[in-house]
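Worksheet for the structure shown next.
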Amino acid sequence: MTVKDQNRKITSELFYLLYFGLMLIIGYRVLLMSEPVEQHADSLILFVIASVYVIIRTVWLGSAKGDLRDRKGFLFRNSIIAFAASILFVGFSAYTERSFDLMIALVEFFVFYLIFFGLIVVFQRLLFRRSPEEGTE
Numbered sequence: 050m051t052v053k054d055q056n057r058k059i060t061s062e063l064f065y066l067l068y069f070g071l072m073l074i075i076g077y078r079v080l081l082m083s084e085p086v087e088q089h090a091d092s093l094i095l096f097v098i099a100s101v102y103v104i105i106r107t108v109w110l111g112s113a114k115g116d117l118r119d120r121k122g123f124l125f126r127n128s129i130i131a132f133a134a135s136i137l138f139v140g141f142s143a144y145t146e147r148s149f150d151l152m153i154a155l156v157e158f159f160v161f162y163l164i165f166f167g168l169i170v171v172f173q174r175l176l177f178r179r180s181p182e183e184g185t186e
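In our numbering, the protein residues as written are 50 to 186.
So this is what it looks like as structure tokens:
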């Protein structure tokens, strides 16, 4: 592994830590402490940017080496990303509508989660099919 590859790996791990840290901070302060979202706009913007980065990295730039069934954490990582994207979607939807109905929010969450998780898996399989000659991890 070259120095450039090590730096990329470290950078991607730092973004994952930033993503989960911001998710915990926002979740704790907004959901549990019932603080207004406007007070945490900077953290929310950073969380959205980190979410976009993590999603793009997973879907488009993710490692396409080896058999997808053997990759450690494949389903767990993708389900966490789809879960966070679904929460963002439902939260944004409730914020723009200025009302919140629990049943509608649960249906929106479930449908968006399934769609997004399916897209992640399909895109990763397409990447795997496109470059299987790169070897295994």
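We put the CB at the ideal spot given by N, CA and C, even for glycine.
Note that the coordinates shown come from a computational prediction; the quantities given were computed from them, not determined experimentally.
Counting C-beta atoms within 10 angstroms of its own C-beta, Y68 has 16 or more neighbours from the protein chains shown and is therefore classed as buried.
Nearest Cα to G140 within the set E62, F161, M50, Y102: F161. In the three-state scheme derived from DSSP, where H, G and I count as helix and E and B as strand, M72 is classed as helix.
Beyond the five residues adjoining it in sequence on each side, H89 comes within less than 7 Å, by CB distance, of I75, R78, V79 in the same chain, given in chain order. Here the alpha carbons of F166 and F159 stand approximately 11 Å from one another.
Distance between Y65 and I169, taken at the CA atoms: about 17 Å.
Of the other Cβ atoms in all chains shown, 16 or more fall within 10 Å of the Cβ of I130; this residue is therefore buried.
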